[in-house]
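Let me begin by presenting the structure, written as structure tokens, before commenting on it.
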Amino acid sequence: MANQTLARRYATAIFQLAGEQRAVGQVGSELRVLSDAIQDNESALNFFLSPVVDREQKEQTLVAAFDGKAHPIALHAMLLLVRKRREGLLRQIVREYGALELAARGLEPLTITTAKPLEAAELRALVAQLEKIYGKKFEVTQRVQSDLIGGVRILMGDRRIDGSVEGRFEELARTLLARN
Amino acid sequence: MINADEIAGILKQQIASFTAGVQEDEIGTVIEVGANLARVYGLRSVRASELVEFANGVQGVALNLEEDNVGVVIMGSDEGIKEGDKVRRTGRIASVPVGEALLGRVIDPLGKPVDGKGPIETKKFRTIENVAPSVVQRQQVKQPLQTGVRAIDALIPIGRGQRELVIGDRSTGKTALVVDTIINQKGKGVFCIYVAIGQKNSTVAALAQLLEQKGAMEYTTIVTVGPSEAAALRWIAPFAGCAMGEELMYQHKDVLIVYDDLTKHAQSYREMSLLLRRPPGREAYPGDIFFLHSRLLERAAKLSDEMGGGSLTALPIIETQAGDFSAYIPTNVISITDGQIYLTPQLFFQGIRPAVDVGLSVSRVGGAAQIKAMKSVAGQMKLELARYRDLAAFAKLSSDLDKATQMQLLRGEKLTELLKQPQYQPMAVEDQVAVLYGATKGFVNDVSTPRLQEWLRGFVAFLHDKHPDIPQAISQSGQLADETKQKLDAALAEFNKSF
Chain A
7 MANQTLARRY ATAIFQLAGE QRAVGQVGSE LRVLSDAIQD NESALNFFLS
57 PVVDREQKEQ TLVAAFDGKA HPIALHAMLL LVRKRREGLL RQIVREYGAL
107 ELAARGLEPL TITTAKPLEA AELRALVAQL EKIYGKKFEV TQRVQSDLIG
157 GVRILMGDRR IDGSVEGRFE ELARTLLARN
Chain B
156 MINADEIAGI LKQQIASFTA GVQEDEIGTV IEVGANLARV YGLRSVRASE
206 LVEFANGVQG VALNLEEDNV GVVIMGSDEG IKEGDKVRRT GRIASVPVGE
256 ALLGRVIDPL GKPVDGKGPI ETKKFRTIEN VAPSVVQRQQ VKQPLQTGVR
306 AIDALIPIGR GQRELVIGDR STGKTALVVD TIINQKGKGV FCIYVAIGQK
356 NSTVAALAQL LEQKGAMEYT TIVTVGPSEA AALRWIAPFA GCAMGEELMY
406 QHKDVLIVYD DLTKHAQSYR EMSLLLRRPP GREAYPGDIF FLHSRLLERA
456 AKLSDEMGGG SLTALPIIET QAGDFSAYIP TNVISITDGQ IYLTPQLFFQ
506 GIRPAVDVGL SVSRVGGAAQ IKAMKSVAGQ MKLELARYRD LAAFAKLSSD
556 LDKATQMQLL RGEKLTELLK QPQYQPMAVE DQVAVLYGAT KGFVNDVSTP
606 RLQEWLRGFV AFLHDKHPDI PQAISQSGQL ADETKQKLDA ALAEFNKSF
């Protein structure tokens, strides 16, 4: 909870700085790559998150590994996190940064879940229809989940539009239990 | 009860309308759960006090709307709710079933029956939080609510639509007093709602049984939430009960609602508020504890004739610790209500039961509702009792007293004795008037104090047996006419001769 607020503060600062230097996309993708790389590698994760490892040592390692390769903003952001002992926030910062990026481009996240993969044309038609109804532009993520059995489930921020068979079953269960 | 036909019907309906579109709702994700409280991420447009539903069907109320999460109190068990669960907005605020189908039932604050008498057949629902009737929708309290308790009806009269606090230490007879009041409403067209907040389930069961025996359950609803249930349920219980009462009030009926007790209610709200990390104030209660009780009690009203003239009389109960009336919650509720009935352990153990401290108890609006006959005898009595209290303190110190003082003390003693009343024996107002008239006119001066209760019972029986026209005249006219007075004098003299 509190972490999320913090992460948003860091993300906003990094985002604004990147915006001033016209490097929003680059900084974002580099931070994402860095975060994923650390997350995927257990020893790297341990090294990065461990409070036992000396801060200066972490800083030196980061500089040695990324100086000249990563955008200075991305690198400095990482160094600041290490110095402030906020390494654990990196993933959340990346997530918040992504949200800021989308908002800046006037896009909203949209997740479309179906039981079977949608054809490209179907997906396009669906998104176009949603864009028309809600008057918004979407950044689409597609997911396949066979539990749905059939139909489609759309997640748009906090709003869920459920047209799946599984959703109907859930609704039915609710109705039956409520009668009791 | 699950009914196979009904299920088949629902299934049929669902299958028939299966293609009829999609379901749209707003969801959030549980990020933390514990102590019957959940923090939910998302639900960005949820409104304060809105009902939300967890994945397992348990409902909650969104209480704290914070920057990036929502604090939800869970109305039920938090078992089965886990991190990552989806939470759905319902777009409604909590509501309960209402209507006359609830009479005779014991239900929980969500309106579910707990008495094993089957489902409640009502289609009407009412939100638990409602705006209190406005100034123009009200009128002055003018009809009496007879409690059947002599000490109350004579000295601290309660009117329909009044809010009268019953306050006292533990086991001083607070509940007994209100239960007597409920029993006395039989045949008077007053519906009763008893809200038990955090009372032992065994106590509530015993009460339900008692009311059943006395034939009082047929016009009474008991809303109960035990001490082992979620604090959120204890918090909404009085509001739920009030909504049930309001429904009847707006249908032009008279309703009596008892909140037993608001101390536990305040404690439950404090528990929730502290867990939600709201800043603690005095005695660690949250800042809005006064508003919590004032908005609840403000819903008690006597509606104007245009609105149908219904009424909702509230008898909140407050339990004090070692007679400390100046603690936070007691002073709050004292200032909200239209008067209070103080019960003290000293009187209780002296054998003066109900242990009403007549000197400290007041009723700010009830006097207007008292019937004229009672007013005429009670006025005299109040004066005599006040003088008696002054003298009694003084008389303890001096040994020889003049005749007049002795007389005054004697009368005070007799009056105090006559105000004693056993439990579950409410008395009709006309009988009260007749007895108290006799006492103020000196007809009991020659009866020894220990025999006074016997005299009282005997006289009431005698009156109904030999002179039934007297109580009838009082109850019909509501007045003590000169003619009735003469008859009453004669009857008293006649009875005293044989006593």
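Those protein sequences? They're chains A and B, same order as listed.
Residue numbers 7 to 186, in this note's numbering, belong to the letters of the first sequence in order.
Residue numbers 156 to 654, in this note's numbering, belong to the letters of the second sequence in order.
Idealized CB from N, CA, C, for every residue including glycine.
Cα-Cα, which of the options is closest to residue i?
i, options, result
"Ile186/B", "Asp180/B, Val177/B and Gly197/B", "Gly197/B"
"Ile262/B", "Arg243/B, Ala361/B, Lys237/B and Ile348/B", "Ile348/B"
"Asp545/B", "Ser357/B, Gln368/B, Trp610/B and Glu568/B", "Glu568/B"
"Gly271/B", "Gly239/B, Ala363/B and Ala541/B", "Ala363/B"
"Thr379/B", "Glu367/B, Gly400/B, Asn356/B and Gln368/B", "Asn356/B"
"Phe480/B", "Asp324/B, Lys237/B, Pro252/B and Leu365/B", "Asp324/B"
"Gln340/B", "Gln535/B, Leu366/B, Ser632/B and Ala287/B", "Leu366/B"
"Gln501/B", "Ala510/B, Ala306/B and Ala421/B", "Ala510/B"
"Arg315/B", "Ser326/B, Arg305/B, Glu161/B and Val410/B", "Val410/B"
"Glu474/B", "Asp557/B, Gly212/B and Leu320/B", "Leu320/B"
"Gln634/B", "Phe654/B, Tyr592/B and Leu618/B", "Tyr592/B"
"Thr18/A", "Lys64/A, Leu106/A and Gln45/A", "Leu106/A"
"Ile322/B", "Gln495/B, Leu570/B, Ala523/B and Arg260/B", "Gln495/B"
"Ala386/B", "Leu429/B, Phe445/B, Ala398/B and Thr639/B", "Leu429/B"
"Val69/A", "Val88/A, Pro57/A, Ser56/A and Ile160/A", "Val88/A"
Spell out whether any CB of chain B is found under 8 angstroms from the CB atom of residue i.
i, result
"Leu183/A", "yes"
"Thr11/A", "yes"
"Ile20/A", "no"
"Glu177/A", "yes"
"Gly169/A", "yes"
"Asp153/A", "no"
"Arg130/A", "no"
"Arg111/A", "no"
"Asp164/A", "yes"
"Gly173/A", "yes"
"Arg101/A", "no"
"Arg180/A", "yes"
Need the endpoints of the alpha helix (DSSP H) that residue i sits in, please.
i, result
"Pro500/B", "Pro500 to Gln505"
"Ala541/B", "Lys527 to Ala550"
"Asp42/A", "Val30 to Asp46"
"Glu62/A", "Arg61 to Phe72"
"Thr657/B", "Given a span of 156 to 654 for chain B in the structure shown, any question on residue 657/B remains unanswerable."
Can you round the beta-carbon distance between residue i and residue j to whole angstroms, since I take them to be within the 8 angstroms contact cut?
i, j, result
"Leu258/B", "Thr336/B", "Not quite, the Cβ-Cβ distance comes to about 17 angstroms (not below 8 angstroms), so this is no contact."
"Gln292/B", "Met462/B", "5 angstroms"
"Leu564/B", "Ala550/B", "6 angstroms"
"Gly226/B", "Arg202/B", "Not a contact, Cβ separation roughly 14 angstroms."
Roughly how many angstroms lie between the CA atoms of residue i and residue j, to the nearest whole one?
i, j, result
"Gln301/B", "Ile313/B", "7 angstroms"
"Glu30/A", "Gly112/A", "Residue identity differs from the one stated: residue 30/A is Val in this sequence, not Glu. Going from the Cα of Val30/A to the Cα of Gly112/A covers about 14 angstroms."
"Gln578/B", "Val333/B", "11 angstroms"
"Ile229/B", "Ser423/B", "13 angstroms"
"Leu192/B", "Phe209/B", "12 angstroms"
"Glu36/A", "Ala80/A", "7 angstroms"
"Leu154/A", "Glu176/A", "11 angstroms"
"Val413/B", "Val350/B", "6 angstroms"
"Ala249/B", "Leu206/B", "6 angstroms"
"Val488/B", "Val359/B", "24 angstroms"
"Ile391/B", "Pro441/B", "16 angstroms"
"Ile507/B", "Pro605/B", "13 angstroms"
"Gln294/B", "Gly465/B", "10 angstroms"
"Asn186/A", "Lys621/B", "Only weak support is given to the placement of Asn186/A: the predicted model assigns it a pLDDT of 48, under 50, and the question is left unresolved by the model."
"Arg91/A", "Gly239/B", "27 angstroms"
"Ala171/B", "Ile165/B", "10 angstroms"
"Asp168/A", "Phe54/A", "40 angstroms"
Would you say residue i reaches chain A, if we count a Cβ-Cβ gap shorter than 8 angstroms as a contact?
i, result
"Glu373/B", "no"
"Gly197/B", "yes"
"Ser200/B", "yes"
"Glu205/B", "no"
"Val251/B", "no"
"Glu222/B", "yes"
"Gly266/B", "no"
"Gly212/B", "yes"
"Gln178/B", "yes"
Following the continuous beta strand (DSSP E) through residue i, name the residue where it begins and the one where it ends.
i, result
"Leu116/A", "Leu113 to Thr120"
"Asp415/B", "Asp409 to Asp415"
"Pro252/B", "Ser250 to Pro252"
"Glu187/B", "Gln178 to Gly189"
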